Amino acid sequence: MALAAFAKQAAGSLGLRCSAPLCALATRGYATVVDGLSYSKEHEWVKADGGSATVGITDFAQARQATAGGGSGSWFEELGDLVYVELPEVGSTVTAGERFSVVESVKAASDVISPVTGEVTEVNASLSDDSSKVNSDPFGEGWMIKVKLADEGELAGLMDPKAYTDFCETTMNDYKQIKVPMLPGYSTSEPITGGRPKTQSLQHRNGYAVSLPVRSAFQVHAVAGPAVTGSQLWTASPSEAAPAQVPAATTPFQPKYVSLDKKVLRYFGWFGEAVPDSPLESWRLRRVEVLLYLEDGTMQVTEPHAPNSGITQGTLAKRQMMPKEGGGFLQVADLAVGKCVRVYGRDMRIVDADSFTREYVAQRGVQLAPAEAYPVSPIEVVLAAKCKPSGLSRSDPDSPSSFAEALLGREHNSKSLQQFLQHGGEVLRFYMLWDNRDVQFGELHMYKLHFFVADATAEIMEVPEEPNGTTTALFPTFLKRGPLPKGVVGGALPGQGRLTPDQCYAAVDLRIGATLSVLGRQLFIYDCDEATRKWYQSHVGYSNEALTAIDVSEPKKALPVPELPPARFGLGIGSPEDSLQNCLRLVPKPPKRDHYRWQKLDTIVLRYEAVLEPGTGRKLINIDHERRFVVSFFMAGESLFVAAVLVAYQTIAVFEPPQPNTGLPGGKFLERAKVYKPGSKLAWYTEAEMQVGTVLDLHGRRFRLVAADAFTEQWSAAHDMSGGAPLEVLY
Amino acid sequence: MAAAAAAARPPPGTVVRLLRLTGFPILAQLQIEEALLRATPDNWFVINDGTPKPSVVLGVSGKPHELVHLEAAAARHVPLIKRFTGGGTVVVDGDTIFTALIMQQQSLPGVEAYPRPVMQYTEDLYRSVFGSHGAFWLRENDYCFGDRKFGGNAQAITKDRWLHHTSLLWDFKRDRMALLQQPAKQPAYRQGRHHLEFILPLHEVLPCRRTLIDELCGSLETAGFVVREAGLGDAERALAANTLCGTRLLDMQQLLDGVGGRRQGEIGQQATAAAVL
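Chains as they are written, first to last, in this note's numbering: chain P, 1 to 731; chain S, 1001 to 1277.
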């Protein structure tokens, strides 16, 4: 094979080597394959002669090159004959399958592979001078070596002329058809010609988005069944019969997913599942629902939950195109009442369909069979036999279960149970009072009685004093729920305290106006609530008059307001309000802060113009009449006096604007602070006093407010200036 | 066929092992190439940037006394090396870039293991490197720009493997080129030109030698191969495993003696002819 390329470009060689070998090439003409020789796959021929063989090369490849046309014209310009042959030495050994010679042509040194093994007895020495003999007469004068065969059996492995000819043709064909695997990434040298358009598969029709089947240029192998696209579904009619109602042609186009949206056909069925290793049953009935979604033809198989079955039920086959045995998908035509359908290897028998399914299918001309009964699975029979053999329910007095319970000692139909069952949630509420004021340290107590009719127990709770329901009592429960004895029962010994029903109060004993003796106290019932009234009217039959409430209200005694001690000098530390807290409480609390004022009003400053007024013991001198002051009244806010802390009380500051040529310096007259009213160590000036015309006595100096600035006028007109008495704030 | 050979692509994932050498002696390189061809099953690409000692390399069939000025070569201590591939004679030195592509025939299914298809394939392969620099083509088995040769090549083909190696002349020394005689077989396009007019040093056309070498290495990836760098150790292992070695250093003294003997013979023949006449 290595030789194959050689040169046989005889004709037309553009004369570069005008040598005898070339002329010889041109005049040659003989057969490609010669009979009587054996051929190897490497294109060598062997002529066996007793124990020796002559070896040379064939010219198959040369002929092939010529007939194949050579392709481009370049090889016509080439030199292509054998220019050199290197032969082994006489006496050397050649081995089958290994190189024994090198030949050169077209710049290529090619190995010649020996077809046989043996010792070289003779070489064709003439080839060293004229190697073109191999081209011109490869089977004759172009012989290369003669070998004494080491193993004549090797000749059997060579090809005869016919086989060799076939081999050559196959080789030629092989080179023409280069086989590569038809897998991505492998390719022949031929590019795929032509376009490979990918057409649009999504369109809009009548405003609805629909998909069209893709037309591909290449063969698409069907994977499982025919390729089904959305628009092709539901083309098969459910049965052989033609549809009874054909949709009118005038209706506008609606794709399937719109017209058949949310339309699902439902079939009920069952399948039996073998239960191995159970003594009770050999198979179990499993109910299924087969849902068929019309919009896309998908199907779903679910199993409804059966309580206490021990089987995880739910979706058996999720919604999908169910494959059918033998290819294709299950459609409506495959489902019918009374028919078996095979889904993933399970045979299910359909016994019923719901009404919508029956109607829908009937519209298309198919009548579904009437419903069949589910077979009874053996386990049901067994379980039914096990429990309730009598068939009576527990509440029946004749049922064996209640008899069995009675045997075991459980109370059967006890009175208390009856009472509980009858009067289970009924609670009667009465309001009572206990007047203990005739005793020292006694009080008037208000109680509530809750009487539970179910078991004739009662609890007594203390009525809250506050209107919002909070109780000031330390122990709201007066009596824990239990039977309410009429009198004291008991003794020191155990067992003596047991109460019998006739020793306790019953519902009939409770009346408005009755006095109960509870733990030695006399509690007077004066009222009950509406539900209790109704109960009594319906159950006991009391009249309305018997149930009217008794008025036990007493005039409220006004509590004496304790007089506050006169605040003369106070403690000298802190504010008087602070000191006052000690009078109000044993453990003083800080006086309450007015948060509203603090937050909202701290930017409000009312300013007035003021003049001095004479007061008792204080006369005005001449210059005083000329003096003008600005009184600033702060509703709340910072007070430097109290170390820059936000305060929530009203403060006053007085400023005297300097007047030229009066001799008075002017400036700050009174630093901003709270000013107590004269004679009071607790009341201070609030906005109630802030009006034009009032006289303020600020630390002995009397100022009469004569004017107010615009803001003050507006603000005081808009807002309530009554303030609030400081004392009330303190409490 | 030619188009198929030129456009052949290897199956995806075909690996070519790249052996980069610099200043490696040409004799050792040729021995390694022969070993890689004969003793390994892999595809190789060997590239050697210059050989340290100027040498004359003859083809398998080259007759030294016909191709080389032996006395001049001996005087200048230029060794003669006979390689295992065919082709002509070259003078190589540090300005010659050698490449060798060794391929398993199955790795390029469209390229048959014959000289012509192989050369068509390699022409296309090297076109990706040289094509942008001039009118590159393979003319009468030589790599040329236009009608000036810049690289020669030779092949060796065994059973299923082929080797194609080239010597690219980056530059050459005129006096060394003068060691070569005009060969009897000359390509037509040479048109009888002197060696120096017929040869084109690549440095006149290509800007950078380093880039050329990198592009030669990169041309394999462009051709669709997966290139893996190999080391000299792998090559030396092949060398140790190879038994057939056609590459050898020629004995200068023997050649000179042979030349002398031949001359004697020629003179004798002439004398005889004269005597006859």
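Cβ atoms here follow ideal geometry from the backbone N, Cα and C, with glycine treated the same way.
Everything numeric in this text was worked out from a predicted model, so none of it was measured.
How would you list, in chain order, the residues of chain P whose beta-carbon sits under 8 Å from the beta-carbon of S:Q1264? Within chain P, no residue has its beta carbon less than 8 Å from that of S:Q1264; the closest one is some 21 Å off.
For S:S1061 versus S:P1079, is the C-beta spacing smaller than 9 Å? No, the Cβ-Cβ distance between S:S1061 and S:P1079 is not below 9 Å.
Under 9 Å, do P:L547 and P:L433 count as touching if we go by C-beta distance? no
Which chain S residues are close to P:E86, counting only those with a beta carbon under 9 Å from its beta carbon? V1060, S1061, G1246
For P:E656, I'd like the list of residues in its chain whose CB is within less than 6 Å of its CB, leaving aside the five on either flank, ordered along the chain. F629, G666, F669
Whether P:I350 touches P:V264 by CB criterion (9 Å): no
For the alpha helix (DSSP H) holding S:G1218, just list the boundary residues, first then last. 1209-1222
Range of the contiguous alpha helix (DSSP H) that encloses P:A653: P:A653 -> not in any alpha helix (DSSP H); beta strand (DSSP E) instead, spanning 651-656.
For a test of the three-state rule: what should DSSP assign to P:K263, helix, strand or coil? coil
Hey, how far is the Cα of S:V1205 from the Cα of S:H1133? 7 Å
Quick one: complete alpha helix (DSSP H) runs, 4+ long, within the stretch 1053-1126 of chain S? The stretch 1053-1126 of chain S is shown to contain whole alpha helix (DSSP H) runs of 4 or more residues at 1064-1067, 1070-1075, in chain order.
Any chain P beta carbon closer than 9 Å to S:Q1155: S:Q1155 belongs to the set of residues whose beta carbon lies under 9 Å from a beta carbon in chain P.
Would you mind working out which of P:G490, P:E609, P:M322 sits nearest P:Y693, comparing C-alpha positions? Reading the sequence as shown, one finds Gly at residue 693 of chain P and not Tyr. With distances taken between Cα atoms, P:G693 lies closest to P:E609.
Is P:E325 helix, strand or coil by DSSP? Under the three-state reduction of DSSP, P:E325 is assigned to coil, being neither helix nor strand.
Comparing the C-beta of S:T1012 with each C-beta of chain P, is any distance below 9 Å? Note that residue 1012 of chain S is Pro in the sequence shown here, rather than Thr. Chain P contact via Cβ: present.
Residue burial classification, S:H1165 (beta-carbon count within 10 angstroms, cutoff 16): buried
Between P:G185 and chain S, is there a C-beta pair that is closer than 9 Å? yes
State whether the stretch 292-304 of chain P contacts the stretch 315-326 of chain P, with contact taken as three or more CB pairs (one from each stretch) at a distance under 8 Å. The answer is yes - the stretch 315-326 of chain P touches the stretch 292-304 of chain P, with three or more Cβ pairs under 8 Å.
Among the residues of its own chain, which have a CB less than 8 Å from the CB of P:T477, if the five just before and after it don't count? Cβ within range, chain order: E459, I460, M461, E462.
Neighbour list for S:G1087 in chain P, Cβ cutoff strictly below 7 Å: K107
Where P:N206 sits in the DSSP three-state scheme: P:N206: coil per DSSP, three-state reduction.
Going by DSSP in three states, S:N1048 sits in which element: helix, strand or coil? In this structure, DSSP gives S:N1048 an extended state, which the three-state scheme calls strand.
Comparing the C-beta of P:E119 with each C-beta of chain S, is any distance below 9 Å? Between P:E119 and chain S, the shortest Cβ-Cβ separation is not below 9 Å.
So what does DSSP say about S:L1250, is it helix, strand or coil? The three-state secondary structure of S:L1250, taken from DSSP, is coil.
Is there a Cβ of chain S sitting closer than 9 Å to that of P:S114, yes or no? Answer no: the Cβ-Cβ gap between P:S114 and chain S never drops below 9 Å.
Inter-residue Cα distance where the pair is S:L1216 and S:P1041: 22 Å
By the DSSP assignment, the alpha helix (DSSP H) with P:S105 in it spans what residues? Unbroken run through P:S105 is the beta strand (DSSP E), 99-105; no alpha helix (DSSP H).
Whole-angstrom C-beta distance between P:R672 and P:I652, which should lie under 8 Å: 7 Å
Can you list, in chain order, the residues of its chain with a C-beta nearer than 6 Å to that of P:F634? Leave out the 5 residues immediately preceding and following it. Cβ within range, chain order: V605, T651.
Taking 9 Å as the cut-off, decide whether the C-beta atoms of P:Y649 and P:R597 are in contact. yes
Contact defined as beta carbons within less than 8 Å: I believe P:S282 pairs with P:P378. What is the distance between those atoms, to the nearest angstrom? Contact between P:S282 and P:P378 holds, since their C-beta atoms are separated by about 7 Å, short of 8 Å.
Own chain, CB closer than 8 Å to S:G1323, minus 5 neighbours either side, in chain order: Residue 1323 of chain S is absent from the structure shown; chain S starts at 1001 and stops at 1277.
Checking the sheet assignment: what are the DSSP bridge partners for P:M299? The secondary-structure analysis by DSSP pairs P:M299 across a beta bridge with P:L292, P:Q320.
Residues of chain P with CB under 9 Å from S:T1158, in chain order? A2, R99, S110, D111, I113
Excluding the five sequence neighbours on either side, which residues of its own chain have a C-beta within less than 6 Å of the C-beta of S:M1252, listed in chain order? A1074
What would DSSP say about P:Q503, mapped onto helix, strand or coil? helix
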